[in-house]
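Inspection log for the structure reproduced underneath, given as structure tokens.
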Amino acid sequence: MLAQVGEDAVLPAGVLHVVPDGPATGNALVLQPKVGMISFRGSTVVGPSMGQICEQMLKKVSLELGCNNAIVVLDDGYVDAARGVPLCIKDKFVCRQAGTSCVARWPMSMH
Numbered sequence: 001m002l003a004q005v006g007e008d009a010v011l012p013a014g015v016l017h018v019v020p021d022g023p024a025t026g027n028a029l030v031l032q033p034k035v036g037m038i039s040f041r042g043s044t045v046v047g048p049s050m051g052q053i054c055e056q057m058l059k060k061v062s063l064e065l066g067c068n069n070a071i072v073v074l075d076d077g078y079v080d081a082a083r084g085v086p087l088c089i090k091d092k093f094v095c096r097q098a099g100t101s102c103v104a105r106w107p108m109s110m111h
């Protein structure tokens, strides 16, 4: 979906790459001198080490840590207001594992 949003926004070819993979691929990308910026979404264990490497290489970095799952609903999206929206909001506040939920839908943006 993220790649589709970039494509719909008419980003130039090669500007956005979505790479869902493991540590070896992530490290290779972070250490690649030709990569000018890293945007990482993941754990609070991996993120800080990526940030430190980017800092040492003077590379731009954006870290979204803590395993929250953003939800964006566009004006042409199907929203079952009777069920969907309240469930998404409830998800954020249901206590799981020391008061956090890695499946919570947050942040939310309704357009």
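By full-length UniProt numbering, the letter at position 16 of the sequence shown is numbered 16, and the numbering carries on one by one without gaps.
Quick reminder that beta carbons are idealized off the backbone N, C-alpha and C, glycines included.
Note that the structure is predicted; figures quoted are calculated from it, not measured.
What's the C-alpha gap between Leu16 and Leu29?
Along the sequence shown, one-based indexing puts residue 16 at 16. Along the sequence shown, one-based indexing puts residue 29 at 29. Looking at the two C-alpha atoms, the distance is approximately 13 Å.
Within a Cβ cutoff of 8 Å, which residues of the same chain sit near Thr25, ignoring the five residues on either side of it in sequence?
Counting from one through the sequence shown, the residue named residue 25 turns up at place 25. The residues are Val19.
Considering just the uninterrupted stretch of the beta strand (DSSP E) at Gly42, what are its terminal residues?
Numbered from its first residue, the sequence shown carries residue 42 at position 42. DSSP places Gly42 inside the beta strand (DSSP E), whose first and last residues are 37 to 42.
Just the Cα atoms here: how many angstroms apart are Leu31 and Ala3?
Reading the sequence shown from its first residue, position 31 is the one you call residue 31. Reading the sequence shown from its first residue, position 3 is the one you call residue 3. One C-alpha to the other measures close to 23 Å.
If you draw a straight line from the alpha carbon of Pro12 to that of Gly6, how long is it in whole angstroms?
As a working mapping, residue 12 is identified with position 12 in the sequence shown. As a working mapping, residue 6 is identified with position 6 in the sequence shown. If I take the Cα positions, the gap works out to 9 Å.
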